[in-house]
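Residue numbers (my numbering): -9 to 360. Each residue gets a CB set at the ideal place from its N, CA and C atoms; glycine is no exception. If you're wondering where the values come from, they're calculated on a predicted model, not measured in any experiment. Have a look at the structure below before the remarks.
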């Protein structure tokens, strides 16, 4: 699509995202059936109602064109505050999000950092971290500086803002994904941090400036964090909450997920421990583990690491490694069946091999050699 977007095109794009009950998937259906965003607003009621997932309320809003008036107000705000837009069919839309089925149709961005940096790391966690969690998060960010990464989080209390602040202090570009429009900052105590991030990174949202913080917005925000990163790191979390939602989404998007383990009786670490135990996250002890799995450490270091690790394998582990060398990738049921291990034996050995950095778990309980 032409990179030079006209004001009229932007007006209709904004209007579509403001149409009631039209989320990302339905908006894409409308564009696909009608041929363009502008054509949606020129279509007949009968034709619009034939489009799957489009109901009476949405069609009524489109035909009345009330959303166009709201879109005009949004355009004024964008120009006044020098805010960029990213439309999912345009060349400048972030590559990591472009191919996700539920990626936002339109996003608003204020900042200087690129959204297509070579290395993007998401950091999420509890809103009430322990002193240990805060220290681990800060040390993690400090060590990440050597790998020239951009750090993404949600500007929430706790681990999120800890990661952002540490990035700012070290000059690491950091991007906050918001669950509201760019006319406000939530929580308000993070306003100064957000202002600094615009200079050192950026603020990103799919919500128009009139949208305030609302509970359903934050799970939507989490999918952008999960989709934008190459690796997602979880630092302290309970079994339920935004961090677990983000981790599960990252797994669905085939991203690498890592978690710092915690004590078994620590409520703030039970989510991390569950992710590791259920093979939805690799155990992380230091940034070296992340660099190794992500192949950021360099070819020579990986070869040396494997030579040290492989002699330490027991007989069952060696059989698993030999089979994965032959088949390249297998799921846990295939491994268990071929090698005639008990399910508990296989799960235990796979976990040990992950700890040793020999194998990597993928969504669907798939495994391959690193």
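Handout entry: Reduced DSSP category for residue 247 - H, G, I as helix; E, B as strand; rest coil
Key = Walking along the chain shown from the start, residue 247 turns up at place 257. Note: residue 247 maps to strand in three-state DSSP.
Problem - 8 Å Cβ cutoff met for residue 265 and residue 271 - result: Within the chain shown, numbered from 1, the residue matching residue 265 stands at position 275. Within the chain shown, numbered from 1, the residue matching residue 271 stands at position 281. Yes, the pair counts as a contact, with Cβ atoms nearer than the cut-off.
Practice task
In angstroms with no decimal places, state the Cα-to-Cα distance between residue 165 and residue 314.
Solution key: Residue mapping note: residue 165 aligns to position 175 of the chain shown, counting from 1. Residue mapping note: residue 314 aligns to position 324 of the chain shown, counting from 1. The C-alpha of residue 165 lies about 38 Å from the C-alpha of residue 314.
Exercise for the section: Would you tell me roughly how many angstroms separate the C-alpha atoms of residue 5 and residue 332, rounded to the nearest one? Expected result: The residue labelled residue 5 in the question sits at position 15 within the chain shown. The residue labelled residue 332 in the question sits at position 342 within the chain shown. The straight-line gap from Cα to Cα measures roughly 57 Å.
Problem - Selected residue, minimal CA-CA separation from residue 89, among 206, 256, 18 and 235 - result: For the purposes of this step, residue 89 is identified with residue 99 of the chain shown, where counting begins at 1. That would be 18, whose Cα lies nearest to the Cα of residue 89.
Problem - DSSP-derived helix/strand/coil call for residue 349 - result: Position 359 of the chain shown holds residue 349. DSSP, reduced to helix, strand and coil, places residue 349 within a strand of the structure shown.
Exercise for the section: Give the secondary structure of residue 180 by DSSP, where H, G and I count as helix, E and B as strand, and everything else as coil. Expected result: Translated into positions along the chain shown, residue 180 becomes position 190. Residue 180 falls in the helix class under three-state DSSP.
Handout entry: First and last residue of the uninterrupted beta strand (DSSP E) at residue 222
Key = In the chain shown, counting from the first residue as 1, residue 222 sits at position 232. Membership of residue 222 in the beta strand (DSSP E) is indicated by the continuous run 221 to 225.
Practice task
Evaluate contact between the region 12 to 30 and the region 39 to 49, counting only Cβ atoms and requiring at least three cross-stretch pairs below 8 Å.
Solution key: A contact between stretches requires three or more CB pairs, one per stretch, nearer than 8 Å, and the region 12 to 30 meets this requirement with the region 39 to 49.
Exercise for the section: Give me the Cβ distance between residue 151 and residue 180, rounded to the nearest whole Å; I'm assuming they're in contact under 8 Å. Expected result: As a position in the chain shown, residue 151 is number 161, starting the count at 1. As a position in the chain shown, residue 180 is number 190, starting the count at 1. Residue 151 to residue 180, Cβ: 6 Å. Contact.
Handout entry: residue 114: first and last residue of the uninterrupted beta strand (DSSP E) it sits in
Key = Your numbering for residue 114 matches position 124 in the chain shown. For residue 114, the uninterrupted beta strand (DSSP E) segment begins and ends at 110 to 115.
Exercise for the section: Go through the region 30 to 68 residue by residue and report every complete run of the alpha helix (DSSP H) that reaches 4 residues or more, in order. Expected result: Secondary structure in the region 30 to 68: the alpha helix (DSSP H) runs of 4 residues or longer, each lying completely within the stretch, are 35 to 39 and 46 to 54 in chain order.
Exercise for the section: Inspect the CB distances between the region 214 to 227 and the region 235 to 254 and report whether three or more fall short of 8 Å. Expected result: Counting Cβ pairs under 8 Å, three or more are found: they touch.
Practice task
Just the C-alpha distance for residue 176 and residue 346, rounded to the nearest angstrom, thanks.
Solution key: Position 186 of the chain shown holds residue 176. Position 356 of the chain shown holds residue 346. The alpha-carbon atoms of residue 176 and residue 346 are separated by roughly 41 Å.
Problem - When 147, 34, 170 and 322 are compared against residue 55, the one with the closest alpha-carbon - result: The residue given as residue 55 occupies position 65 in the chain shown. Looking only at 147, 34, 170 and 322, the smallest Cα-Cα distance to residue 55 is reached by 34.
Exercise for the section: Kindly identify the DSSP beta-bridge partner or partners of residue 195. Expected result: Counting from 1 along the chain shown, the entry for residue 195 is found at position 205. Under DSSP, residue 195 shares a beta bridge with 98.
Problem - Integer Cβ distance of residue 144 from residue 119, believed to fall under 8 Å - result: Position 154 of the chain shown holds residue 144. Position 129 of the chain shown holds residue 119. About 14 Å; that fails the 8 Å criterion.
Practice task
Within the same chain, show all residues whose beta-carbon is closer than 8 Å to that of residue 205, passing over the 5 residues directly before and after it, in chain order.
Solution key: In the chain shown, residue 205 corresponds to position 215, counting from 1. Excluding residues within five positions, none has a Cβ falling inside 8 Å.
Problem - Beta-bridge pairing of residue 321 - partner residues as DSSP gives them - result: What you label residue 321 is simply residue 331 of the chain shown in a count that begins at 1. Answer by DSSP bridge pairing, in chain order: 356.
Problem - According to DSSP, residues forming a beta bridge with residue 141 - result: For this step, residue 141 is matched to residue 151 along the chain shown. Answer is 111 and 164, bridged to residue 141.
Handout entry: Sub-8 Å separation of residue 158 and residue 186 beta-carbons
Key = As a working note, residue 158 is residue 168 in the chain shown. As a working note, residue 186 is residue 196 in the chain shown. Closer than 8 Å, so yes.
Practice task
Look up residue 75 in the DSSP assignment and give the residues it is bridged to.
Solution key: In the chain shown, the residue the question calls residue 75 occupies position 85. Residue 75 pairs with 98.
Exercise for the section: Would you decide whether residue 2 is buried or exposed? Buried here means 16 or more other CB atoms lie within 10 Å of its CB. Expected result: Taking the chain shown and counting its residues from 1, one reaches residue 2 at position 12. Buried, because 16 or more other Cβ atoms sit within 10 Å of the Cβ of residue 2.
Practice task
With a threshold of 7 Å, establish whether the CB of residue 265 neighbours any heavy atom of the ligand FAD.
Solution key: The ligand FAD is not among the ligands present in this structure, which contains no ligands whatsoever.
Problem - Segment contact flag, the region 122 to 130 with the region 218 to 236, C-beta cutoff 8 Å, min 3 pairs - result: Counting Cβ pairs under 8 Å, three or more are found: they touch.
Exercise for the section: Drop a sphere of 10 angstroms on the beta-carbon of residue 86, count the other beta-carbons inside from all chains shown, and report buried for 16 or more, exposed for fewer. Expected result: Your numbering for residue 86 matches position 96 in the chain shown. Result: buried.
Exercise for the section: Let me know the secondary structure DSSP gives residue 105 once reduced to three states. Expected result: Start at 1 with the first residue of the chain shown, and residue 105 comes out as number 115. Coil at residue 105, not helix or strand.
Problem - Among 106, 208, 62 and 99, nearest to residue 220 - alpha-carbon criterion - result: Looking up residue 220 in the chain shown gives position 230. Comparing C-alpha distances from residue 220 to each of 106, 208, 62 and 99 shows the shortest one belongs to 106.
Exercise for the section: Check whether the Cβ atoms of residue 195 and residue 168 lie closer than 8 Å to each other. Expected result: Within the chain shown, numbered from 1, the residue matching residue 195 stands at position 205. Within the chain shown, numbered from 1, the residue matching residue 168 stands at position 178. One thing to note: residue 195 has its Cβ within 8 Å of the Cβ of residue 168.
Practice task
Please report the residue range of the alpha helix (DSSP H) in which residue 364 lies.
Solution key: The shown model of the chain, from -9 to 360, leaves out residue 364, and the question about it has no answer.
Exercise for the section: Have a look at residue 349 and residue 358 and give me their C-alpha separation to the nearest angstrom. Expected result: On the chain shown, position 359 is the one that residue 349 refers to. On the chain shown, position 368 is the one that residue 358 refers to. Near 6 Å, if we compare the C-alpha coordinates of residue 358 and residue 349.
Handout entry: Through-space distance from residue 76 to residue 16, alpha-carbon basis
Key = Counting from one through the chain shown, the residue named residue 16 turns up at place 26. Counting from one through the chain shown, the residue named residue 76 turns up at place 86. In this structure, the CA atom of residue 16 is about 18 Å from the CA atom of residue 76.
Handout entry: Contacts around residue 261, its chain only, beta-carbon distance under 6 Å, and the 5 residues preceding and following it disregarded
Key = As a first step, residue 261 is located in the chain shown; it is residue number 271 there, counting from the start. Same-chain partners within the cutoff: 227, 228, 229 and 234.
Problem - Cα-Cα separation between residue 114 and residue 328, rounded to whole angstroms - result: Locating residue 114 in the chain shown gives position 124, where the first residue counts as 1. Locating residue 328 in the chain shown gives position 338, where the first residue counts as 1. CA-CA distance, residue 114 to residue 328, rounds to 38 Å.
Handout entry: Proximity to residue 321 [Cα-Cα], best of 356, 341, 339 and 302
Key = The residue you call residue 321 lines up with position 331 of the chain shown. Each of 356, 341, 339 and 302 was checked against the Cα of residue 321, and the nearest Cα belongs to 356.
Practice task
List the DSSP bridge partners of residue 272.
Solution key: Residue 272 sits at position 282 when you count from the first residue of the chain shown. Bridge pairing for residue 272: 248 [DSSP].
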